[in-house]
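Asks: These protein sequences, in sequence, are chains A and B.
For what it's worth, my numbering labels the leading residue of the first sequence as 1, then goes sequentially.
For what it's worth, my numbering labels the leading residue of the second sequence as 1, then goes sequentially.
Using N, Cα and C, we set each Cβ at its ideal position, and we do this for glycine too.
All values reported here derive from a predicted model rather than from experimental measurement.
There are 2 protein chains.
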Amino acid sequence: MKDETRNKTVNQIAELAGVSRATVSRVLNEHPYVSDEVRKRVLRVIAEHNFHPNQAARALVTSRSEAIGLFVPQQLSRLFSDSYFPLFFQGVVEVCNRENYYLTLVIESDGVDRKQLYQRVLKGQRLDGIIMGSPPIGDPLLQMVVQSGLPFVSIGQHPDFPAVNFVDVDNAKAAQMAVDYLVSLGHTRIAMVTPPLDTRVGEARLRGYRLALQQHQVAQDERLVFEGDFSEQSGYAAVMQFAQHAVTQSMPTAIVVAGDMMAQGAQRALHALGLRVPEDVSLIGFDNLESSSLSPFGMTRISQPVAALGREAAMQLVGLLRRVAARDSIAKLGITFPFDAEPEVSNAPIQRLLDAQLVLGRSTAAVKP
Amino acid sequence: MKDETRNKTVNQIAELAGVSRATVSRVLNEHPYVSDEVRKRVLRVIAEHNFHPNQAARALVTSRSEAIGLFVPQQLSRLFSDSYFPLFFQGVVEVCNRENYYLTLVIESDGVDRKQLYQRVLKGQRLDGIIMGSPPIGDPLLQMVVQSGLPFVSIGQHPDFPAVNFVDVDNAKAAQMAVDYLVSLGHTRIAMVTPPLDTRVGEARLRGYRLALQQHQVAQDERLVFEGDFSEQSGYAAVMQFAQHAVTQSMPTAIVVAGDMMAQGAQRALHALGLRVPEDVSLIGFDNLESSSLSPFGMTRISQPVAALGREAAMQLVGLLRRVAARDSIAKLGITFPFDAEPEVSNAPIQRLLDAQLVLGRSTAAVKP
DNA sequence: AAAATATATGAAACCGATCTCAGAGAATGC
DNA sequence: GCATTCTCTGAGATCGGTTTCATATATTTT
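1. What span of residues does the beta strand (DSSP E) with B/Met192 cover, start to end?
2. Which residues in the same chain as B/Leu16 place their Cβ atom closer than 6 Å to its Cβ, once the five residues preceding and following it in sequence are excluded?
3. Is the Cβ-Cβ distance between A/Leu127 and A/Ser65 less than 8 Å?
4. Between which residues of its own chain and A/Ala269 is the CB-CB distance below 6 Å, once the five residues before and five after are set aside?
5. Using 8 Å as the threshold, is the stretch 254-266 of chain B in touch with the stretch 170-180 of chain B, meaning 3 or more CB pairs across them?
6. Give every residue of the same chain whose Cβ lies closer than 7 Å to the Cβ of B/Val179, excluding the five residues on either side of it in the sequence, and list them in chain order.
7. Just the C-alpha distance for A/Glu279 and A/Val92, rounded to the nearest angstrom, thanks.
8. Relative to the C-alpha of B/Thr62, which residue among B/Gln125, B/Leu70 and B/Leu185 is closest?
9. Can you find a C-beta in chain A that's less than 8 Å from the C-beta of B/Lys115?
10. Roughly how many whole angstroms lie between the Cα atoms of B/Pro369 and B/Val281?
11. In three-state DSSP terms, what is A/Leu320?
12. Hey, B/Met177 and B/Val225: beta-carbon distance below 8 Å or not?
13. Measure the alpha-carbon distance for B/Asp229 versus A/Arg311 and round it to whole angstroms.
14. Can you give me the Cβ contacts of B/Phe51 inside the same chain, cut-off strictly under 6 Å, excluding the 5 residues immediately before and after it?
15. Measuring only the C-alpha atoms, how far is A/Pro450 from A/Pro196?
16. I want to see whether chain A comes within less than 8 Å of B/Thr253, judged by CB atoms only; does it?
17. Ignore the nearest five residues each way along the sequence and tell me which others in B/Asn165's own chain have a CB closer than 6 Å to its CB.
18. Could you list the residues in the stretch 33-58 of chain B with a C-beta less than 9 Å from some C-beta on chain A, going in chain order?
19. What residue range is occupied by the uninterrupted alpha helix (DSSP H) comprising B/Gly285?
20. If you draw a straight line from the C-alpha of B/Pro252 to the C-alpha of B/Ser184, how long is it?
21. A/Pro135 to B/Val318, Cα distance in whole Å?
22. At a CB distance below 7 Å, what residues from the stretch 92-105 of chain B approach chain A? Give them in sequence order.
23. Is any beta-carbon of chain A found at less than 8 Å from that of B/Val112?
24. Taking C-beta pairs closer than 9 Å, name the residues in chain A that B/Asn29 reaches, listed in chain order.
25. Check whether the Cβ of A/Leu317 lies closer than 8 Å to any Cβ atom in chain B.
26. Could you confirm whether any beta carbon from chain B is found closer than 8 Å to the beta carbon of A/Asn7?
27. Please decide whether B/Ser363 counts as near chain A, where near means a Cβ-Cβ distance under 8 Å.
28. Taking C-alpha atoms, which residue in A/Ala163, A/Gln157, A/Ile130 and A/Ile137 lies nearest to A/Ser148?
29. Quick check on the burial criterion: 16 or more other C-beta atoms within 10 angstroms. Buried or exposed for A/Leu360?
30. Listing by chain order, which chain A residues have their CB less than 9 Å from the CB of B/Leu60?
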């Protein structure tokens, strides 16, 4: 009767297989110099006892934890209303599972000293690398992470750190696509409801909107830009404000709403005002659903590849970690290469922009003549 | 010039402070027998060098990792549409941060062997305990976790494991409250759109619905129960099906929709059918927002304390871990207590049900005479 | 056939903490 | 005033792996 609950150690496995613990370790790490016969015997014993090596012991000696940290520095309010994070997590998790990495979630919460929280995590040597969910512009967190020396990939570029590794959705281009399409339908009074403008996503989408208008030589009207906060309410408020301005000026014929909850709020407001979509006002929302799936409200929308973003971030980080590990083990061998044959460890930062997609729905129409 | 990037070890700190590493360890672990003067000196050196002990080394010797695992066994489809998990995570994270636990996220994903995934995590000795997001009924995962011997708290009770620790929202009661309220408004043809019935939440809400009808002696009609899947589409489909049946039978005057996305779908369908809410049909949704906040659609709803659920689960688990740790260290001392003075380690399972709340909105009205 | 190299294994050092044990000095008891 | 207890500290064992080094055997080269 085996004690199934208590974990065996390499020593015990070694004894059971009649080899030394060094050999068991070699088998575990797929070291080449192990005879086939011994390898099989050891693997059998390992399987029989469902042995899994103690991660702490392994981490101690290798100084690698096989874990990556996922930092979510936002004010948490964004977490619930939006499907962004669940989808993003899913993408990251997919890669972690496939590549056998553990995923440690680090989210701020009220009442804890964020600096202390991050210091503990950064310096505990428990994480090999970090994925940073978009920190607000100017957030000192990025500085901390850079200083920690841990490899990391950020979501979104940071103006103050041009050389930082990042992946992002091309938000400017996404907003631009929305405007392009509306212009192609004949719209010229195009309003925009933006995310908070102290976030990169807010800044980028507004920039794309402005750029597109400029390219099409459409006059810009500051009263048609409303800074939202991702909430349904702020979408509602935006439309109401446009309507108020419309007393002196005409109502926009199209609105780009850069957030799914906000788009719902906008729709509700238009409905409340007795305006029909798309007959009176065209509406383009943003969401995180697969571009193949239908929008629940049949809305024309910009579909952001959020799961792909998570996957990409994780894949880039894992690649980076592998390269770092390889470099370290080469360095340890003390190899000096002849000529300049030294394998180039590229220091070029990883910087990838993923394209969003325009998905047509029933909320847009050509402007009335 | 200090090397700020590389971490110091206890040995180095000890040397710098002019003490042994044992003393440094004592300071770190707040062991009582350290003189004030030495403690201060050591703390100063620690602070000066921003020293954080290596977690792997610590874990190795204490066989405690200070990390808990959050298992999310659902088919991932539920993750994006619903605000459930983000809110739940938030609750868990809050407690983890406060209690200095790391949080490791374990989510299944396509293409990985789930059994292998969980075995690796369960036996890697990297987690002190586990919070299990509701596994479907009959999922072998629960069995695996039980066998692993790790302390854990499940979300939701499991019929096959009556002695398992769990916390949950009282889903039956929640559905019952919704029906009670509708009955009090005079409704007798009350339909229900349920979550998938192979989940505990689906089963419980349906049970509550039935129980309430029975208590009020309202005749039940199976055609008024529709099994949804949490999606907006399934809420739409549900109403359409009720409408179809209504050719031979009358339309329900009230619908309880046990999911927020489904409730939106139902609302859209009613709108499409030209039925007004609440004049023609009353609607009660379920959501995860704070009971104090307004529903974005002004809907009468059952507000589930999901963040509180996460907090409660984490707090119970942390409490459990502390008790286990205390028991272990007492056992190691080999203390035998006189009489029956031995501190009782209660083996009663932790089982907590949190109450949902009914939040009144504009989607319910008294039945038309 | 001897030398050189490749393959296969074990003994022992090592990673960086905690914790036991023993001992020294201070405080308390009788 | 001496025994006893309490307070404080350091030496060294220990956790469970990986990795270096030495050694033995098998294979290839010359």
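Replies: To lay it out plainly:
1. Ile190 to Thr194
2. Val45
3. yes
4. Tyr236, Val239 and Met240
5. Yes, the stretch 254-266 of chain B touches the stretch 170-180 of chain B.
6. Same-chain partners within the cutoff: Ile190, Tyr209, Ala212, Leu213 and Val256.
7. 41 Å
8. Comparing Cα positions, the closest option is B/Gln125.
9. no
10. 13 Å
11. helix
12. no
13. 26 Å
14. Lys8 and Ile13
15. Given that chain A is displayed from residue 1 to residue 369, the structure contains no residue 450 of chain A and the question cannot be resolved.
16. Residue contact with chain A for B/Thr253: absent (no Cβ-Cβ distance below 8 Å to any residue of chain A).
17. Val153, Pro349 and Ile350
18. Asn50, Phe51, His52, Pro53, Asn54, Gln55, Ala56, Ala57 and Arg58
19. Per DSSP, B/Gly285 lies in no alpha helix (DSSP H) segment; the continuous beta strand (DSSP E) that holds it begins and ends at Ser282 to Asp287.
20. 16 Å
21. For A/Pro135 and B/Val318, the distance between alpha carbons rounds to 29 Å.
22. Val93, Glu94, Asn97, Arg98, Tyr102, Leu103, Thr104 and Leu105
23. yes
24. Simply none; closest approach about 15 Å.
25. no
26. yes
27. no
28. A/Ile130
29. exposed
30. Asn54, Ala56, Ala57, Ala59 and Leu60
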